[in-house]
Amino acid sequence: MQKIKQGISKFFISLLIFAYFRKVIFLDLSKNDPLGQMAVLSHRNGAIDGFLYAFIFPQIQFLLAKNLRRSFLGKIFFHGIEITRKKDREKALKQGLKIKENDNFSTLKQCLNLMQNGNTLGIFPEGTSALNPKHLKFDNGASKIAHLMLKKDTLEMTPLSIFYDDPAKMGSKVFIVKGKNLKWDCIQDKENLHTQISTALESILIEFKDEKEQEICQNLAVFASLYRDDLYLKILKNSKILELQEKLKSYENKSHKAFLYKNCAIFPKSFWLSLWVFLITVIIVAPTFLLNLPTLIGSFIAAKFSKEKHTISLYKILSGVSIFTIFYVILALFSPFLAFLCMGLSLWGFHLYGAFKKHGISLLNAIFFKQLKQDYDDLQEKINECFKE
């Protein structure tokens, strides 16, 4: 029964990711190390991170905040071993909710049993997510669990990190990075474990001095990876070149009135190729958006209730999937075949939205701001100069 549930969950997660994201790119820096009994995960874009990690590694069972599963939608979307965080406990007590004193003790036993049986426990050491220039402070929960596990057995741990080129929007690209495993075969000091785990995770993270530097480096990475996905992380990690940043600033000053794609004024690599891609995608994307206006409007409204940038996509997805499901269930009552056909078209249309948007915006700039094309080409040439392979 458990395998059936996991299979169904994996199927729906795959559909959700196919519809909302343009691409999910996986980069393995470990030279094919197997997934360890524990995976420590960077946390960027709310609970959406979990969907994407599970898409690449469906065998991971997450340690997740209990409050995520308090609502009806939470019980549908989120699965894992529940833990009551200190801040959630205080909030629950204020709301008059019952909290069992031995909840987290039971959680700890489940975690250890899971790993001893050869499965993978996924832990977010930051405790919560943020799209900040630097990662949040790593809690010592992972090291405590690792310490207890080493009293019983050996342990292998895998660090994973995640990056988004446009985290709050549909049609963005996602990059998941897998680092080299840490292996222990004897008991270790908890502080030493915490240091080793933190170092392993930091080795596959990218940090910036401040939000301004983060924005500049992300924009350079977007420019560089418009037609080469593999360049995004390489540029992001090595883009703190003053001359290059000045070139970008000069271009942004000139192009501030142009149409923007992920905060960048882009132009087509080939006008006629972009026009062909745009015409092909608009045939599917346009009827998809007309057909799913209730879903899109609901997602737009829900996003306004998000207090932080890192929860916008979560609000969009939860509301969008709910409205989408209700709409097609009602349609299926009248015509199951039509509902199936329209749903398939819609999922494909949502998936193509990223390409439609990219080529559409680049064509608009080529038509209305063609005087900027030479500056755009100069910037691209400068990027290529600085990062010759």
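One point on numbering: in UniProt numbering, the residue at position 133 of the sequence shown is 133, and numbering is uninterrupted.
By construction, the Cβ of each residue, glycine as well, lies at the ideal position given by its N, Cα and C atoms.
- Message: Suppose you measure from the CA of Asn253 to the CA of Leu226; what does that come to, to the nearest Å?
- Response: 20 Å
- State the CB to CB distance for the pair Ser143 and His194, rounded to an integer number of angstroms; the pair is presumed to be in contact (CB under 8 Å). 4 Å
- Message: Could you tell me the alpha carbon to alpha carbon distance between Lys180 and Lys209, rounded to whole angstroms?
- Response: For Lys180 and Lys209, the distance between alpha carbons rounds to 26 Å.
- Message: Taking 9 Å as the threshold (C-beta atoms), are Ala39 and Leu160 in contact?
- Response: Taking 9 Å as the Cβ cut-off, Leu160 and Ala39 qualify as a contacting pair.
- Message: For Trp272 and Leu279, what's the separation of their Cα atoms in angstroms?
- Response: 11 Å
- Query: Does DSSP put Thr281 in a helix, a strand or coil?
  - Reply: helix
- Item | Reduced DSSP secondary structure (H/G/I, E/B, other) of Tyr227 | coil
- Got a sec, what are the start and stop residues for the alpha helix (DSSP H) Ala47 sits in? The continuous stretches of alpha helix (DSSP H) do not include Ala47, and DSSP gives it neither H nor E.
- Message: Which complete alpha helix (DSSP H) runs does the segment 313-362 hold, if anything under 4 residues is left out?
- Response: Taken in chain order, the whole alpha helix (DSSP H) runs of length 4 or more contained in the segment 313-362 number zero.
- Query: Cα-Cα, which of Ile235, Ala47, Asp33, Ala355 is closest to residue 431?
  - Reply: Beyond the ends of the chain as shown, which are 1 and 389, falls residue 431; an answer cannot be given.
- Query: Taking C-alpha atoms, which residue in Leu291, Asn117, Thr107 lies nearest to Thr154?
  - Reply: Asn117
- State the DSSP-derived secondary structure class of Ile8, mapped to helix, strand or coil. Here DSSP, grouped into helix, strand and coil, assigns Ile8 to helix.
- Message: Going by beta-carbon coordinates alone, are Pro268 and Leu275 separated by less than 9 Å?
- Response: yes
- Could you pull out every residue in the same chain whose Cβ sits closer than 7 Å to the Cβ of Gln374, ignoring the five residues on either side in sequence? none
- Task: Taking 9 Å as the cut-off, decide whether the C-beta atoms of Ala303 and Ala168 are in contact.
- Result: yes
- Task: Could you tell me if Pro294 is buried or exposed, where buried requires 16 or more neighbouring beta carbons within 10 angstroms of its beta carbon?
- Result: exposed
- Cα-Cα separation, Ile235 to Phe175: 13 Å
- Message: Short of 7 Å in beta carbon distance, which residues of its chain neighbour Tyr353, apart from the five on each side in sequence? Order them along the chain.
- Response: Met170, Gly171, Val285
- Task: On the DSSP bridge assignment, give the partners of Val222 in chain order.
- Result: Partner(s): none; Val222 has no beta bridge.
- Message: Only counting the same chain, and skipping five residues up and downstream in sequence, which positions put a Cβ closer than 6 Å to that of Lys66?
- Response: Glu82, Thr84
- Task: Can you give me the start and stop residues for the beta strand (DSSP E) that Gln245 sits inside?
- Result: Not the beta strand (DSSP E): Gln245 falls in the alpha helix (DSSP H), residues 242-254.
- If we ignore side chains and look at the alpha-carbon of each, how far apart do Tyr376 and Phe340 end up? 44 Å
- Task: Indicate the three-state DSSP secondary structure (helix, strand or coil) for Cys217 in the structure shown.
- Result: Collapsing the DSSP output to three states places Cys217 in a helix.
- Rounded separation between Lys10 and Phe21 - CA only: 16 Å
- Message: Going by beta-carbon coordinates alone, are Gly50 and Gly141 separated by less than 9 Å?
- Response: no
- Item | Separation of Asp28 from Asn104, as counted between CA atoms | 33 Å
- In chain order, what residues of the same chain have a beta carbon less than 6 Å from the beta carbon of Ala332, not counting five sequence neighbours either side? For Ala332, where only same-chain residues beyond five positions count, the Cβ hits under 6 Å are Ala339.
- Task: With a threshold of 16 other CB atoms inside 10 Å of the CB of Ile297, please say whether the residue is buried or exposed.
- Result: exposed
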